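Asks:
Put into structure tokens, the structure is as follows:
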């Protein structure tokens with residue numbers, strides 16, 4: 009019978025060797041698995057084989073639920089600075105751009121593109137990045153695999169993979185855990201979990217969480233509000249899981265995770281905002297963010313002796329409604345910014361009244377993995393994915409006094425009076441069907457030398473419908489104002505895989521070298537972004553964009569020294585990155601979409617170490633040093649430069665068609681070569697360091713932790729605009745203490761995150777749509793939380 013337990017003791021993954029070198033990072037938790045051959049090892053499941061972290065020939069990090077709690081990490085954004093080479097940057101509309109080693113997603117707010125870092129819950133692929141905010145529900149540990157995962161994951165994992173592992177029901181044992189936390193900004197966090205056994209072979213676990221706090225920032229000029237909260241939280245999540253093991257060779261797991269959030273949305277501060285307080289935004293639109301996710305999945309694992317057959321089935325839905333102040337200013341300020349003396353006019357508002365996304369998808373995977381007897385271990389499998397994404401966008405821009413208009417229904421008539429105020433509207437639907445087959449095996453040539461080889465075939469098909477209008481004009485004279493038509497389809501095929509050598513000098517010291525090819529499929533652009541006659545430009549947005557491919561070369565070493573007191577892992581890598589997908593502007597007005605940057609190179613070094621100073625005191629550290637640049641010509645068009653060029657051409661004139669052609673050619677002339685530019689979201693230095701004490705104090709046990717985190721400067725987009733793209737470095741200090749009285753099932757904890765109230769910039773970006781305004785989003789301010797919990 010397979011039983012998995014999560015131990016609260018921390019296993020050490022970083023060390024003193026790093027603390028003297030640079031700002032460093034700390035971490036990972038011990039997760040002891042009875043099925044592991046390595047006592048006290050961290051076991052990661054994201055490889056689709058229960059693999060010891062120290063024995064895997066890849067760069068990986070695991071963090072437990074305790075570490076998440078100690079650092080007040082409630083979603084994926086909080087992992088910034090904790091995992092080497094990982095950057096999670098906010099974008100418009102509540103999206104999270106997750107990047108590992110500079111590879112992730114450069115196509116924000118595009119429903120057709122896939123992320124470069126695939127996101128999973130218990131091995132189930134999560135299709136939409138907005139749903140990633142809801143993933144941290146009753147977590148056992150979070151696993152981050154760095155680098156392309158070209159065999160068992162293949163598509164969509166050019167940068168790496170994040171797998172959130174749930175806490176499973178415990179067979180044969182009743183248990184409960186709960187916690188209530190209170191903090192500043194009127195924080196309330198309440199959670200309750202329960203394990204209920206039914207005999208010795210069946211167990212259930214239910215868990216619920218309610219979390220809310222006031223906004224970390226506010227808008228000043230929203231009508232009817234003195235202060236309109238932003239960056240607030242109001243979420244409810246729950247999970248139910250059943251675990252059934254009727255025999256020693258059969259395990260069935262069924263689960264559902266539900267999440268509901270309704271807030272005012274993210275604080276996106278215009279870089280031209282005159283307020284010097286980063287938490288005060290001179291804006292006049294009441295934004296909102298509503299996210300609902302439903303995930304249902306089941307796993308069946310049958311041990312047939314020589315191997316285990318596993319089936320993983322999932323069904324998931326997402327409904328998201330986002331709206332925000334697209335200009336990021338009040339009416340007076342936006343008029344001053346947009347006023348063009350050539351046309352004697354400007355705008356008083358640009359507001360995204362609705363950005364609605366609906367996703368429905370299901371997946372089916374079947375694999376067969378060896379049970380580890382003999383020198384050859386292997387896994388073979390196949391996966392099928394189906395996903396349908398619907399997206400509806402309504403954006404208003406004008407110079408009248410009606411600042412807040414409700415979004416038009418998608419079925420609104422072509423002559424609806426509000427159509428004239430639309431600067432952009434789009435109704436799209438994209439369906440993706442994909443299947444893949446893979447095989448990977450490891451052969452122990454000798455007791456010390458092993459070879460791993462894997463291969464995967466990926467097939468993707470895209471189809472869809474789309475229509476959009478710009479500048480408040482619609483071509484229709486009857487029916488709805490927006491009428492989607494069939495878009496060009498796209499089909500791609502790609503082989504990916506892995507080859508690795510590993511050599512064990514001793515049982516505690518291993519060296520590996522690997523080559524991996526990662527692949528992300530191409531996709532569809534909307535009809536408004538197709539190059540149309542009479543314009544014929546060499547560079548322009550096409551109806552489809554190409555797949556991107558990453559060839560990764562990596563060497564690494566995993567070590568333990570001094571009777572396991574020091575654990576030291578180091579890796580170095582070089583990437584050849586082809587056809588990177590990024591959001592580009594078209595010379596034709598109101599045209600933007602995904603393009604391909606032909607080539608880039610990325611390289612770097614990562615180090616994780618942990619030193620047990622005494623039985624009660626340890627030091628945890630990690631650091632990454634990254635570099636990368638584009639190395640072939642491509643002339644891209646920054647929306648900021650495109651807007652400036654068309655304004656200089658006097659567009660729009662009173663008769664806007666009279667200088668439309670001049671504006672298009674002016675925009676085309678604003679293109680610049682990205683050859684030599686830095687790869688986005690690639691901080692040169694990043695890391696953290698933590699000092700942790702655990703021991704008896706009085707009639708109980710004390711755990712205390714102080715952590716320093718640093719994230720370096722980077723460019724947010726491929727354009728490397730010094731003003732709009734430079735995201736500055738920041739550092740934070742976090743404190744945590746927990747006391748567990750002896751003989752009682754209760755504990756008390758206190759934490760202070762961002763001790764010095766650093767207004768660190770999470771991202772600095774130019775909105776790719778609308779008025780191309782630049783924005784900054786900030787990390788959470790200082791937050792103090794006191795919690796009381798129990799567990800038995």
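Residue numbers (this note's numbering): 9 to 800.
The beta carbon of each residue, even a glycine, is placed where N, CA and C say it ideally should be.
Remember, it's a predicted structure, so these values are computed and weren't measured experimentally.
1. For residue 68, does the count of other Cβ atoms within 10 angstroms reach 16, so buried, or fall short, so exposed?
2. When the Cα atoms are used, what is the spatial distance from residue 592 to residue 550?
3. What span of residues does the beta strand (DSSP E) with residue 606 cover, start to end?
4. Residue 113: buried (16+ other C-beta within 10 angstroms of its C-beta) or exposed?
5. I'd like to know whether the C-beta atoms of residue 190 and residue 169 end up nearer to each other than 8 Å.
6. Thinking just about the alpha-carbon of each residue, which of 55, 58 and 129 is nearest to the one in residue 83?
7. Taking residue 733 as the reference, which of 739, 741, 740 and 724 has the closest Cα?
8. In whole angstroms, what separates the C-alpha of residue 679 from that of residue 379?
9. Out of curiosity, what's the CA-to-CA distance linking residue 752 and residue 173?
10. Take residue 574 as the anchor and find which of 582, 348 and 627 has the nearest alpha-carbon.
11. Can you tell me the Cα-Cα spacing of residue 583 and residue 708, whole angstroms?
12. Do residue 367 and residue 337 have their C-beta atoms closer together than 8 Å?
13. In terms of residue numbering, what span does the beta strand (DSSP E) encompassing residue 133 cover?
14. Could you tell me the alpha carbon to alpha carbon distance between residue 386 and residue 532, rounded to whole angstroms?
15. Do you know offhand how far residue 381's Cα is from residue 314's?
16. In the DSSP assignment, what residue or residues form a beta bridge with residue 265?
17. Using a Cβ distance threshold of 8 Å, determine whether the region 500–509 contacts the region 460–477, with at least three qualifying pairs required.
18. Is residue 673 helix, strand or coil by DSSP?
19. Is any heavy atom of the ligand NAD found at a distance shorter than 7 Å from the C-beta of residue 188?
20. Should the region 354–364 be regarded as contacting the region 396–416, the criterion being three or more beta carbon pairs within less than 8 Å?
21. In angstroms with no decimal places, state the Cα-to-Cα distance between residue 260 and residue 411.
22. Report yes if the C-beta distance between residue 445 and residue 489 is below 8 Å; otherwise report no.
23. Assign residue 796 to one of two classes, buried (16 or more other C-beta atoms within 10 Å of its C-beta) or exposed (fewer than that).
24. Identify, in the order they occur along the chain, each residue of the same chain with its Cβ nearer than 8 Å to the Cβ of residue 355, setting aside the five sequence neighbours on each side.
25. If you check the beta carbons only, do residue 516 and residue 568 fall under 8 Å apart?
26. Say whether the region 542–549 touches the region 483–502, bearing in mind that this needs 3 or more beta-carbon pairs closer than 8 Å, one atom from each stretch.
27. Out of 303, 430 and 414, point me to the one whose CA is closest to residue 369's CA.
28. With a Cβ-Cβ cutoff of 8 Å, do residue 145 and residue 243 count as a contact?
29. Which parts of the region 384–466 are runs of the beta strand (DSSP E), unbroken and 3 residues or longer, counting only runs that do not cross its ends?
30. Quick check: the Cα distance between residue 637 and residue 111, rounded to an integer number of angstroms?
31. With burial defined as no fewer than 16 other Cβ atoms inside 10 Å of the residue's Cβ, what is the status of residue 350: buried or exposed?
32. Kindly indicate which three-state DSSP category residue 542 falls into: helix, strand or coil?
33. To the nearest whole angstrom, what separates the beta carbons of residue 324 and residue 135, a pair I think is in contact under 8 Å?
Replies: So, to answer that:
1. The sequence position of residue 68 within the chain shown is 60, counting from 1. With 16 or more other Cβ atoms within 10 Å, it is buried.
2. Along the chain shown, read from residue 1 onward, the residue named residue 592 stands at position 584. Along the chain shown, read from residue 1 onward, the residue named residue 550 stands at position 542. The straight-line gap from Cα to Cα measures roughly 11 Å.
3. Counting from 1 along the chain shown, the entry for residue 606 is found at position 598. Annotation for residue 606: the continuous beta strand (DSSP E) segment containing it runs 600–620.
4. Taking the chain shown and counting its residues from 1, one reaches residue 113 at position 105. Counting every other CB atom within 10 Å of its CB across the protein chains shown gives residue 113 a total of 16 or more, marking it as buried.
5. Residue numbering aside, residue 190 sits at position 182 when the chain shown is read from its first letter. Residue numbering aside, residue 169 sits at position 161 when the chain shown is read from its first letter. Judged by beta-carbon spacing, residue 169 lies beyond the 8 Å limit of residue 190, meaning their Cβ atoms are not closer than that value.
6. Position 75 of the chain shown, counting from 1, holds the residue named residue 83. Cα-wise, what sits closest to residue 83 is 129.
7. For the purposes of this step, residue 733 is taken as residue 725 along the chain shown, with counting starting at 1. For the residues 739, 741, 740 and 724, the minimum Cα distance to residue 733 belongs to 724.
8. For the purposes of this step, residue 679 is taken as residue 671 along the chain shown, with counting starting at 1. For the purposes of this step, residue 379 is taken as residue 371 along the chain shown, with counting starting at 1. In this structure, the alpha-carbon of residue 679 lies about 56 Å from that of residue 379.
9. Translated into the one-based positions of the chain shown, residue 752 becomes position 744. Translated into the one-based positions of the chain shown, residue 173 becomes position 165. If you take the alpha carbons of residue 752 and residue 173, they lie about 28 Å apart.
10. Numbered from its first residue, the chain shown carries residue 574 at position 566. Nearest of 582, 348 and 627 to residue 574, Cα basis: 627.
11. Against the chain shown, residue 583 aligns to sequence position 575. Against the chain shown, residue 708 aligns to sequence position 700. Spanning the two alpha carbons is a distance of roughly 50 Å.
12. For the purposes of this step, residue 367 is taken as residue 359 along the chain shown, with counting starting at 1. For the purposes of this step, residue 337 is taken as residue 329 along the chain shown, with counting starting at 1. Cβ atoms of residue 367 and residue 337: not closer than 8 Å.
13. Translated into positions along the chain shown, residue 133 becomes position 125. Counting along the chain, the beta strand (DSSP E) containing residue 133 begins and ends at 132–134.
14. Looking up residue 386 in the chain shown gives position 378. Looking up residue 532 in the chain shown gives position 524. In this structure, the CA atom of residue 386 is about 36 Å from the CA atom of residue 532.
15. Start at 1 with the first residue of the chain shown, and residue 381 comes out as number 373. Start at 1 with the first residue of the chain shown, and residue 314 comes out as number 306. Near 8 Å, if we compare the C-alpha coordinates of residue 314 and residue 381.
16. Working through the chain shown from its first residue, we reach residue 265 at position 257. In the DSSP assignment, residue 265 is bridged to 247 and 303.
17. A contact exists between the region 500–509 and the region 460–477.
18. Taking the first residue of the chain shown as position 1, residue 673 is located at position 665. Residue state, collapsed to three classes: helix.
19. Within the structure as shown, the ligand NAD is missing, as the structure has no ligands at all.
20. At 8 Å Cβ cutoff, the stretches touch.
21. The count along the chain shown starts at 1 and reaches residue 260 at position 252. The count along the chain shown starts at 1 and reaches residue 411 at position 403. The alpha-carbon atoms of residue 260 and residue 411 are separated by roughly 55 Å.
22. The residue you call residue 445 lines up with position 437 of the chain shown. The residue you call residue 489 lines up with position 481 of the chain shown. Cβ distance not < 8 Å, so residue 445 and residue 489 don't count as in contact.
23. In the chain shown, residue 796 corresponds to position 788, counting from 1. With fewer than 16 other Cβ atoms within 10 Å, it is exposed.
24. The residue given as residue 355 occupies position 347 in the chain shown. 335, 342, 343, 346, 405, 406, 407 and 779, listed in sequence order.
25. Residue mapping note: residue 516 aligns to position 508 of the chain shown, counting from 1. Residue mapping note: residue 568 aligns to position 560 of the chain shown, counting from 1. A contact, by the Cβ cut-off of 8 Å.
26. In this structure the region 542–549 does not lie against the region 483–502, because fewer than three pairs of beta carbons, one per stretch, are closer than 8 Å.
27. Position 361 of the chain shown holds residue 369. Taking only the C-alpha atoms, the option nearest residue 369 is 303.
28. Here residue 145 is taken as the residue at index 137 of the chain shown, counted from 1. Here residue 243 is taken as the residue at index 235 of the chain shown, counted from 1. It is not a contact, given that the beta carbons lie outside the stated cut-off.
29. Runs of the beta strand (DSSP E) lying entirely within the region 384–466, each at least 3 residues long, are 384–406 and 430–452 in chain order.
30. Working through the chain shown from its first residue, we reach residue 637 at position 629. Working through the chain shown from its first residue, we reach residue 111 at position 103. The alpha-carbon separation between residue 637 and residue 111 amounts to approximately 12 Å.
31. Translated into positions along the chain shown, residue 350 becomes position 342. Residue 350 should be labelled exposed.
32. In the chain shown, residue 542 corresponds to position 534, counting from 1. Assigned with DSSP and collapsed to three states, residue 542 falls in coil, not helix or strand.
33. Numbered from its first residue, the chain shown carries residue 324 at position 316. Numbered from its first residue, the chain shown carries residue 135 at position 127. Contact between residue 324 and residue 135 holds: their C-beta atoms lie close to 7 Å from each other, under 8 Å.
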